[in-house]
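In my numbering, the protein residues as written are 1 to 130.
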């Protein structure tokens, strides 16, 4: 079983979106199979075997999630973040602005899927292996 303290240790190594693939690998080694991050306040639900779950506390003040999805603009923001051009708080504000309600990282499928408020997929991408 994994604990939030170990997840926080892994997350402390992340400096930009460029570090994301290594972070996913670290979480998988801890036993995390998938997680959902909610853009509104940054809390995350981590899921392991046998539906074991831990939930983190909110990370920042509540953001308004736009009711209008803009996948094209979000994709530009995501690419900038993955290139290390933006920090995490900026990326989360941009995700909220473009209608992203949450993202799900699936360590088995090695995908990251971004959803809008109606739970429609805005973007799904393969996570590169490190």
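Even glycine gets a Cβ: it sits at the ideal position worked out from N, Cα and C.
Expected contact under 8 Å - CB spacing of residue i and residue j to nearest Å
i: residue 53; j: residue 59; result: Incorrect: roughly 18 Å between the Cβ atoms, too far for contact.
i: residue 128; j: residue 21; result: 5 Å
i: residue 107; j: residue 24; result: 6 Å
i: residue 98; j: residue 69; result: 7 Å
i: residue 36; j: residue 102; result: 5 Å
Where the beta strand (DSSP E) containing residue i begins and where it ends
i: residue 123; result: 121-126
i: residue 33; result: Taken as a continuous stretch (DSSP letters only), residue 33 belongs to no beta strand (DSSP E), as it is neither H nor E.
i: residue 115; result: 111-116
i: residue 54; result: 53-55
Minimum Cβ-Cβ distance from residue i to chain D less than 7 Å
i: residue 60; result: Structure shown: chain D not included; a single protein chain is present.
Secondary structure of residue i, DSSP reduced to three states
i: residue 105; result: strand
i: residue 41; result: coil
i: residue 76; result: helix
i: residue 100; result: strand
i: residue 24; result: helix
i: residue 86; result: coil
i: residue 81; result: helix
i: residue 15; result: coil
i: residue 95; result: helix
i: residue 61; result: coil
DSSP beta-bridge partners of residue i
i: residue 47; result: 34 and 53
Residue span of the alpha helix (DSSP H) that contains residue i, given as start and end
i: residue 4; result: 4-12
> Do three or more CB pairs link the segment 18-35 to the segment 61-72 at distances below 8 Å?
Replying inline: Contact fails: fewer than three Cβ-Cβ distances are below 8 Å.
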